[in-house]
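Adding 726 to a residue's 1-based position in the sequence shown gives its number in my numbering.
From the three backbone atoms N, C-alpha and C, an ideal C-beta is built for every residue, glycine too.
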Amino acid sequence: MPDERFKFVTIGSGLAGLSFALQVADSGPVCVLTKAEVAEANTSYAQGGIAAAVGEADSWKLHEEDTLVAGAGLCNPEAVRFLVRQAPAAIEWLAQLGAKFDVDAEGDYALGREGGHSRNRILHFADHTGQEIERAVVQAVRRHQAITVVEHAFVTNLVVEDGAIVGARGIVEGLGERTFSGEAVMLATGGCGRMYQHTTNPRVATGDGIGLALDVGAVVENMEFMQFHPTTLYHPQLRSFLITEAVRGAGATLRNHNGRRFMYDYDGRLELAPRDVVSRAMEAEMQKLNTWCLYLDLAHLPADAIEHEFPTIFSKLMEAGIDIRKEWIPVVPAQHYSCGGVKTDLSGRTSVRGLFAAGEVASTGVHGGNRLASNSLLEALVFARAAAQSLELEGVSGGPAHEAAPVNSITEAEAVRIRRALQHTMTRNVAIVRSNAGLAEAQAEVNGLLAEYAALRAAPFSAYALETRNLLLAAREVIAGAIARRENVGLHFNRDLA
Ligand SMILES: Cc1cc2nc3c(=O)[nH]c(=O)nc-3n(C[C@H](O)[C@H](O)[C@H](O)COP(=O)(O)OP(=O)(O)OC[C@H]3O[C@@H](n4cnc5c(N)ncnc54)[C@H](O)[C@@H]3O)c2cc1C
């Protein structure tokens, strides 16, 4: 099996993986492995923006306070302070790479506001900030001679030697099995939203990093804190298209089928209450009225402002036959962001020697029980850069890795059946409102599906099948965390503990 040698290997080409690659590339060759096209990552779908205290009326202390409040007492205060203090420099770095952000008439950043922020501090590029950031980092990576990007390279396992991670093995489309070796591996594989029926996450968000990390014995934590986004489009064709919170920041209101602004019944902060509060209120309201969706109303906002500030949403919904200047948007909550993940320190080091993690796959302690809006792009950027700096200064460290047992594919037909069963039980039992019985049912179901997967006859390589196994492993962690958490805190809500 051909072995390609680099100084560092990065798995994932979203903001975390590419900013890490750019930071370490001056010290030696870097390989970026990514399972689809380079820009197919959660990063490209981010609409709202990236948070940083760069406004005159703002300070890192206020950003810190807001992040800690959102995290419901479960953040690592050191990690939060590190994040918010590094934020302006990280933004500056992105801007120098060529990422554009909207500015006002004076040429200062035009800062938006989202739920949980006490100041306007969201840098954005209309409603396609993630796409613009990804464009800038991909372009910089393409220009850098020391970085090799291998697209359609599905990583199947981490390579362990003398108890340390020294590479990644995978299947490259058209080439077959390959090993990519390096002094250290950065896990930047993003989220795991595909374990639910409704998610804002793209098809690549299948928890592969969680599976890879668990296979070598790395610590995974806080997976029960799963964030649901309150306002995703309810539409048969455009499933789970996100309507950014910035729309509510700009004055859009939520209404029920009777036209009533129901948030008055639930929380004084109304539509700008934290996402978990709005999502729970929406779920309760839908149950009360026995309806499948609710509505987001922008019709009272100036039509030209809607078109100018939210061009992607405007045109996408126009295609779907909804003129948001006049008509209400049908919306439902959907899985959006995983706050937990592979445990790291402030330098992105996991519990295992040679393995780093950054971005949505990682648990740095920044989000605690709930993520403050627009802190995730920032976290991906800040901690990937910190990992690169620490790696150059201190090399690798950490406990021994387990040797990962080889994992087989199963047929796609079996994998489809297993994934559907997983999504069904996670949506029914482990979503916004949980219960003891529901969690027990989900645990039995997921353990059963894992056993079934292991017992099925091995089939030729299928990325879909291996992703399904990774989703099962990640879901098992979500359920175990939810069962172990004996109080309702942050995003975890069990009606039997209320
Ligand atoms: C619709 C939407 C809107 C959002 N809006 C915002 C926002 O406004 N502000 C904000 O801060 N956050 C937002 N988020 C969250 C944010 O986009 C993500 O948390 C962040 O982009 C994660 O970056 P990442 O680099 O960790 O992962 P990603 O950008 O998801 O990249 C993961 C990469 O890993 C690759 N990969 C995965 N598994 C494998 C494997 N086995 N082998 C090889 N490659 C693999 C994928 O192909 C991909 O390239 C939003 C998310 C979504 C889905």
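| Check | Outcome |
| --- | --- |
| Beta-carbon contacts of Arg-811 that lie in its chain and below 6 Å, excluding the five residues immediately before and after | Trp-786 |
| Bounding residues of the beta strand (DSSP E) (the contiguous stretch that carries Ala-894) | 890-898 |
| The stretch 1043-1060 in contact with the stretch 856-865 per 3-pair CB rule at 8 Å | no |
| Counted within 10 angstroms of its Cβ, other Cβ atoms place Pro-1132 as buried (16 or more) or exposed | exposed |
| Secondary structure, beta strand (DSSP E): runs of 3+ residues fully inside the stretch 1169-1221 | none |
| Nearest-angstrom Cβ-Cβ length linking Asn-1196 and Asp-934, presumed shorter than 8 Å | 5 Å |
| Cutoff 7 Å: Arg-869 Cβ touching any chain B Cβ | Structure shown: chain B not included; a single protein chain is present. |
| Nonlocal neighbours in the same chain, by C-beta distance under 8 Å from Val-886, ignoring five residues either side | Val-892, Val-942, Ala-1127, His-1128, Glu-1129 and Ala-1130 |
| Backbone CA spacing between Gly-799 and Lys-761 [nearest angstrom] | 36 Å |
| Residue of Val-1078, Pro-962 and Ala-939 minimising C-alpha distance to Leu-1199 | Ala-939 |
| Supposed contact pair Pro-928 and Glu-766 - C-beta distance, whole angstroms, cut 8 Å | 6 Å |
| Straight-line gap, Ser-1123 to Ile-873 (C-alpha atoms, nearest Å) | 24 Å |
| DSSP-derived helix/strand/coil call for Thr-970 | coil |
| Cα-Cα separation between Asn-1173 and Ser-1077, rounded to whole angstroms | 25 Å |
| Helix, strand or coil at Val-795 [DSSP, three-state] | helix |
| Val-867, buried or exposed, once every other Cβ within 10 Å from all chains shown has been counted against 16 | buried |
| Glu-730 beta carbon near ligand 1 (any heavy atom closer than 6 Å) | no |
| 6 Å Cβ shell around Val-1142 - same chain, five flanking residues per side excluded | none |
| Rounded distance between the beta-carbons of Asn-948 and Gly-1207, thought under 8 Å | 7 Å |
| Option nearest Ala-1166 by Cα separation, candidates Thr-958, Met-1152 and Thr-736 | Met-1152 |
| Straight-line Cα distance separating Gly-902 from His-714 | Because residue 714 is not part of the residues shown, which for the chain are 727 to 1224, the question remains open. |
| Contact set for Val-898: own chain, Cβ-Cβ below 7 Å, skip 5 residues either direction | Val-876, His-878, Ala-879 and Arg-904 |
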